[in-house]
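Asker: Pasting a structure below so you can have a look.
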Amino acid sequence: MNTWNKFWQWYENKILGSVIIIAIIQFIQVPHMIWNADIMLEAGIVSRINPVLDWLLYGVDLIEIISIINVGMIMFSLIKKKRIDKKEKMVSIKG
């Protein structure tokens with residue numbers, strides 16, 4: 498088994514952990530959305546109070562990159578698994 502297949506086999510066994518990571522990242526987005534709405538409305542209730550808080554809430558956008566990559570990997574893994582299952586089913590029907 499080559500390294501690529503070993504990686505995907507390992508990853509498929511860890512999909513639950515990946516989904517948990519995605520959920521955490523999505524929950525972190527809630528304060529970010531409130532902060533962003535405050536900036537858009539120029540209310541100043543949450544935003545522009547503390548530069549460190551602004552930097553952290555703005556930085557949450559960068560965390561989304563992990564979520565986007567993770568979702569792509571989960572989709573690829575599930576499609577790959579579905580194709581393998583389909584091939585095995587076809588072989589068992591022919592055999």
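First residue of the sequence shown: 498, per our numbering; consecutive thereafter.
C-beta atoms are modelled at their ideal positions from N, C-alpha and C, and glycine is treated no differently.
Taking the straight line between their C-alpha atoms, what separation do you get for I528 and M570?
Answerer: Residue 528 is actually Pro in this sequence, not Ile. Rounded to the nearest angstrom, the two C-alpha atoms are 26 Å apart.
Asker: Using C-beta distances below 7 Å, list every residue in its chain close to V543, excluding the 5 sequence neighbours before and after it, in chain order.
Answerer: Closer than 7 Å at the Cβ level, and outside the excluded window around V543, lie I531, W532, D535.
Asker: Determine the direct distance from the alpha carbon of K579 to that of T500, and round the result to whole angstroms.
Answerer: Whole-angstrom Cα-Cα distance: 20 Å.
Asker: Could you compute how far the alpha carbon of Q506 sits from the alpha carbon of I512?
Answerer: Their backbone Cα atoms lie some 10 Å apart in a straight line.
Asker: Would you call the stretch 538-553 and the stretch 581-592 in contact, with 3 or more CB pairs under 8 Å?
Answerer: The stretch 538-553, when compared against the stretch 581-592, does not touch it at the 8 Å Cβ threshold.
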